[in-house]
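For the sequence shown, position 22 matches number 21 in numbering that gives the first Met the number 0, and the numbering has no gaps at all.
Positions of the beta carbon are idealized from the N, C-alpha and C atoms, including for glycine.
Treat the numbers as computed from the prediction; the structure is a model and nothing was measured.
One structure is given below, encoded as structure tokens.
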Amino acid sequence: MPDPASWLPDRDPAVARVLDRSYGLGTHRAWSLNRESVNTVWRVTTSQGEYALKRLGRDVAPQWLAFEHAALPRLTAAGIPVAAPLPTAEGDSSAVHEGSVWQLRPWREGRPFDVGRPGDIEQAGAFLAALHRVPVDGLPADGQSSTRNLEFWLTTERPPHAALDEVDEIAAPYVSAAVRAHARRAYAAVLRRARTELAGYGDLPEVLTHGEVAGSNLLYSDSGELACVLDWDALQLRSRVYDVARALLFLPREARGSFQVLPDRARAVLAAATAREPLTPDELGSLIPVLELNFVPSPAYLRQVARRAPGILEWYLGWRAEGAGVVRGILSDVIATAPQGTPR
């Protein structure tokens with residue numbers, strides 16, 4: 000389990016260069032967010048205000064940046080609280096420095112999601128319902144994020160064992176043999192079944208999805224209103240099942256990094272996220288295999304993690320193996336009692 004997130008004073012010279020050259024911000028103080036992630040986030044204070052600066056650790060295509068730039072205003076128009084990237088001195092939504100994409104956003108205050116507060120669950124569900132109704136006509140068609148483990152395993156023509164061999168080769172310099180062997184067994188156990196169960200996944204309607212639904216990405220005001228939704232790095236057109244599945248697992252957890260889910264809270268999350276339009280039988284049947292495949296890292300994604308944050312790979316591979324192996328048992332009963340909607 001990762002250590003709790005905290006902010007630590009930081010004097011990374013790259014931060015100063017990006018703030019000065021790309022945003023015209025000179026003297027500053029910075030604190031880096033200490034957490035297990037391929038991204039690096041700093042809280043920055045300057046004479047002109049307070050900001051969040053992020054160095055994206057995943058590979059970011061220009062097409063996705065254009066997609067994000069086109070999609071975020073639609074979220075704001077739909078009443079979803081978002082801190083959009085601030086423009087650089089050149090008017091771009093991001094800066095490129097030392098081979099990485101950087102984005103600067105206004106700092107947003109708020110407390111994190113609290114699973115013990117029914118209002119937080121209702122607000123989170125309302126956010127997802129609103130997001131999944133945002134019009135998508137006219138958005139760039141090739142806005143694929145780099146978080147595509149599920150899509151890889153559903154579309155690859157490679158034999159699964161060959162792709163898993165590559166995953167093991169990428170991890171070998173950084174991960175113990177015991178953890179790699181455990182992960183290989185867990186991934187292989189879910190791949191065939193989940194891929195079979197998702198044979199019709201590509202036929203489900205696509206909507207705007209957040210892609211990283213978690214309590215740490217939801218900020219609430221003192222009055223209990225959802226104040227800001229963070230971390231849009233995986234924004235993409237997908238089935239709403241993707242977001243609902245992540246919400247169902249990651250919002251009702253007892254603690255960050257844990258797979259101990261509170262069943263009554265999980266039912267409340269599912270009800271809140273789909274109150275306006277219950278999931279169809281095909282969507283309900285996709286929830287668990289979507290989570291299982293999303294826990295199995297693709298070779299391309301694991302290579303990004305190894306390049307940007309090799310120190311987390313021992314934990315990362317083991318945590319994903321645990322998730323792939325336990326999610327079906329954790330959520331099957333919750334899903335079995337959910338109301339069913341009519342196929343669109």
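Three-state class that DSSP yields for residue i in the structure shown
{"i": "E121", "result": "helix"}
{"i": "W63", "result": "helix"}
{"i": "Q143", "result": "coil"}
{"i": "W318", "result": "helix"}
{"i": "D2", "result": "Model confidence at D2 stands at a pLDDT of 46, short of 50, so the residue's coordinates are unreliable; what they give is reported in the following sentence. D2: coil per DSSP, three-state reduction."}
{"i": "Q303", "result": "helix"}
{"i": "N38", "result": "coil"}
{"i": "W106", "result": "coil"}
{"i": "W152", "result": "helix"}
{"i": "A226", "result": "strand"}
{"i": "R383", "result": "No statement about residue 383 is possible, as the shown extent of the chain runs from 0 to 343 and does not include it."}
{"i": "E49", "result": "strand"}
{"i": "S297", "result": "coil"}
{"i": "D19", "result": "helix"}
{"i": "R54", "result": "strand"}
{"i": "R73", "result": "helix"}
{"i": "L32", "result": "strand"}
{"i": "V14", "result": "helix"}
{"i": "S257", "result": "coil"}
{"i": "S93", "result": "coil"}
{"i": "A129", "result": "helix"}
{"i": "L7", "result": "strand"}
{"i": "V135", "result": "coil"}
{"i": "P379", "result": "What the structure shows of the chain is the stretch from 0 to 343, and residue 379 is not part of that stretch, so it cannot be assessed."}
Cβ of residue i within 8 Å of any chain C Cβ
{"i": "A15", "result": "Checking the listed chains, one finds no chain C in this structure; it contains a single protein chain."}
Nearest-angstrom beta carbon gap, residue j and residue i [assumed within contact, 8 Å]
{"i": "T273", "j": "V228", "result": "At roughly 18 Å, the Cβ-Cβ gap does not stay under 8 Å, so T273 and V228 are not in contact."}
{"i": "A345", "j": "A335", "result": "The structure shown does not extend to residue 345, since the chain is modelled only from 0 through 343, so no value can be given for it."}
{"i": "L346", "j": "W6", "result": "The requested residue 346 is not part of the displayed model; the chain covers only 0 to 343."}
{"i": "L24", "j": "T44", "result": "Between T44 and L24 the Cβ distance is about 10 Å, and since that is not below 8 Å, they are no contact."}
{"i": "Q339", "j": "P277", "result": "6 Å"}
{"i": "A69", "j": "A185", "result": "A69 to A185, Cβ: 38 Å. No contact."}
{"i": "R10", "j": "Y50", "result": "With a Cβ gap of about 17 Å, R10 and Y50 do not count as contacting."}
Proximity of residue i and residue j at Cβ, strictly below 8 Å
{"i": "F66", "j": "P139", "result": "yes"}
{"i": "A233", "j": "V333", "result": "no"}
{"i": "G142", "j": "W63", "result": "yes"}
{"i": "L283", "j": "A337", "result": "yes"}
{"i": "L71", "j": "A60", "result": "no"}
{"i": "S145", "j": "R57", "result": "yes"}
{"i": "G214", "j": "F258", "result": "no"}
{"i": "L130", "j": "I79", "result": "yes"}
{"i": "L269", "j": "L290", "result": "no"}
{"i": "R42", "j": "W106", "result": "yes"}
{"i": "L203", "j": "V240", "result": "yes"}
{"i": "G199", "j": "D281", "result": "yes"}
{"i": "S175", "j": "E35", "result": "no"}
{"i": "H181", "j": "G317", "result": "yes"}
{"i": "E156", "j": "P288", "result": "no"}
{"i": "A76", "j": "R275", "result": "no"}
{"i": "A29", "j": "V40", "result": "no"}
{"i": "S92", "j": "L55", "result": "no"}
{"i": "L74", "j": "V133", "result": "yes"}
{"i": "A88", "j": "S21", "result": "yes"}
{"i": "R237", "j": "E205", "result": "yes"}
Residue i beta carbon near the ligand COA (any heavy atom closer than 7 Å)
{"i": "R307", "result": "This structure does not include the ligand COA; it has no bound ligands of any sort."}
Exercise. Would you call the stretch 298 to 309 and the stretch 159 to 175 in contact, with 3 or more CB pairs under 8 Å?
Worked result: yes
Exercise. Would you say the stretch 107 to 114 touches the stretch 197 to 210, given that touching needs at least three Cβ pairs under 8 Å?
Worked result: no
Problem set entry | Residue ranges of each alpha helix (DSSP H) within the stretch 170 to 236, 4 or longer | 176 to 196
Exercise. With a cut-off of 8 Å, do at least 3 Cβ pairs link the stretch 115 to 132 to the stretch 180 to 196?
Worked result: no
Exercise. Taking one C-beta from the stretch 292 to 301 and one from the stretch 149 to 164 each time, how about it: are there three or more such pairs within less than 8 Å?
Worked result: Yes, they touch.
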